[in-house]
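The structure appears right after this line, and notes come after that.
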Amino acid sequence: MKKLLFFSAVLWTFLSTAQSVRNEILVPVIPGYEVLKCDFHMHTVFSDGTVWPTVRAGEAWQEGLDAIAITDHLEYTPNKEYVPVSHGTPYVLAEKTAAGLGLILIKGVEITKSMPPGHFNALFVKDEAKIHQEDYRAALREAKAQGAFVLWNHPGWKAQAPNGAVWMPEHEELFREGLFNGIEVVNHYEWYPEVLGWSRDKNLTVFANSDVHDPILNFLKQENLERRPITLVFATERSPEGIREALQQGRTVGWFRNLLLGKTEWLETLFLASVSQRIITAGEKTTTLQLTNLSDFAFEFAESENPEKVTLLPARSSVILKVPRTESGTAYQVRNLLPGPGEPVTIKLPLN
Ligand SMILES: [Zn+2]
Ligand SMILES: [Zn+2]
């Protein structure tokens, strides 16, 4: 009987592996870095999610992700009648599945308080249960003592911020004490332009996370999304430590629909590595360029002569762009690369 069970387990593993297909996401090669596709916020039945922890690892692998954190609520466990409250268990349950898929699994929790200060994710925690404390300051101090990286979740979530995100004195106090260093500019299906401004002004690491509760395919279908919000991490090595170092240094870009959100340096790096530029004609007033995209990101441009926006579609497509040549140089804006609200990145050409 034992043998039979063993063989069925092997057969099942083989079949499930053989049938799973991973949809790779095309990201550019950037010398010195690996661009890792990550989601640092999701739930399972161990809080208010509807799936088992192993499912989160399988979904993420199929969707082309490299790393995830399962971040069940510490304070909100509505399934406790059926699923024991055991804060470290989602990680333990998903660990083997993730390892078998080469997916990086990061130990995390969601500290869940009313506003102010709201919800925070602590990543790279050591002892989840110890962070479960009534006082939010005590919880965040414990996370810091464990060496966690902490981000403020969904600052503009309507249920907690009906008039939009507000940076309250409580947030200022936590920020000054160094109790959080990152912020969600995108959560679930919404993005917060004002929060992008804070991330730039206060040098907070930018995150775009799914906060998925249901099976991911249900969520994508409901919200008519091609893929979940993703945090692109520019890591010097493909490991939890590599990710932690990149988060501490702010080397991330949030990716949601066509939007790429983050620090100018990393948006520029991502664009220049994704798109090749070829000058077709260089006139006195106008330069004509062919831009070719080798990534899965889309890029949007505005031309002065063409009021319609020009979109460079993902993966192996090209557009012709007319760029005005002025005294200050030849440059164009990429409208969907945003370091701040309404402030697209400008790409300068080495001309003039
Ligand atoms: Zn939350
Ligand atoms: Zn959440």
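Using the numbering used here, the first residue of the sequence shown is number 37, and each one after it goes up by one.
Heads up, the beta-carbon is just placed ideally off N, CA and C, and yes, glycines get one too.
query, result
"Cβ neighbour criterion (16 or more within 10 Å) applied to I356", "exposed"
"Three-pair Cβ contact test at 8 Å for the segment 143 to 162 versus the segment 181 to 198", "yes"
"Nearest-angstrom Cβ-Cβ length linking K73 and G94, presumed shorter than 8 Å", "So it is not a contact: roughly 16 Å between Cβ atoms."
"Beta-carbon proximity of R280 to F156, cut-off 8 Å", "no"
"Nearest-angstrom Cα separation, counted from S56 out to F50", "Only weak support exists for where F50 lies, its pLDDT of 49 falling under 50; the coordinates are left without a value."
"Beta-carbon proximity check, T347 vs E336, cutoff 8 Å", "yes"
"Bridge partner(s) assigned by DSSP for S312", "T328"
"Three CB pairs or more closer than 8 Å across the segment 299 to 318 and the segment 326 to 334", "yes"
"Buried versus exposed call for G68 [16 or more other C-beta atoms within 10 Å across all chains shown]", "exposed"
"Buried/exposed call for N372, threshold 16 Cβ in 10 Å", "buried"
"Best match in I106, V269, Y172, H123 for proximity to A134 [C-alpha to C-alpha]", "I106"
"Local Cβ density within 10 Å of R58, reported as buried at 16 or more and exposed below that", "exposed"
"H79 beta carbon near ligand 2 (any heavy atom closer than 7 Å)", "yes"
"P251 versus R361 - alpha carbon distance", "50 Å"
"Cβ-heavy atom distance, N189 to ligand 2, below 7 Å", "yes"
"Cβ distance (whole Å) where A318 is taken to contact Q369 below 8 Å", "A318 to Q369, Cβ: 19 Å. No contact."
"Collapsed DSSP secondary structure at F50 in the structure displayed", "Confidence in F50 is poor, its pLDDT being 49 and thus under 50, which makes the residue's placement unreliable; the coordinate value appears in the next sentence. F50 falls in the helix class under three-state DSSP."
"Anticipated Cβ contact below 8 Å, G85 with H224, distance rounded", "G85 to H224, Cβ: 13 Å. No contact."
"Proximity of F243 and G286 at Cβ, strictly below 8 Å", "no"
"Beta-carbon spacing of K299, P386 below 8 Å", "no"
"According to DSSP, residues forming a beta bridge with I66", "Y69"
"Where T317 falls: helix, strand or coil (DSSP)", "strand"
"Collapsed DSSP secondary structure at S275 in the structure displayed", "coil"
"Residue nearest to L349 in terms of C-alpha spacing, selected from E320, T382, R293, S364", "R293"
"Cβ separation of V231 and A201, assumed to be a contact under 8 Å, to the nearest whole Å", "5 Å"
"Limits of the alpha helix (DSSP H) - the one that P89 falls within", "89 to 98"
"Counted within 10 angstroms of its Cβ, other Cβ atoms place L89 as buried (16 or more) or exposed", "Checking the sequence, you will find Pro at residue 89 rather than Leu. The residue in question, P89, is buried, as its Cβ has 16 or more Cβ neighbours within 10 Å."
"Identity of the residues DSSP links to W188 by a beta bridge", "F156, I219"
"Rounded separation between W48 and E262 - CA only", "Note that W48 has pLDDT 49, beneath the 50 cutoff, so the model's placement of it is unreliable and the number below is only indicative. Roughly 29 Å between the two C-alpha positions."
"Proximal residues to T305 (C-beta, below 7 Å), its chain only, five neighbours per side dropped", "I66"
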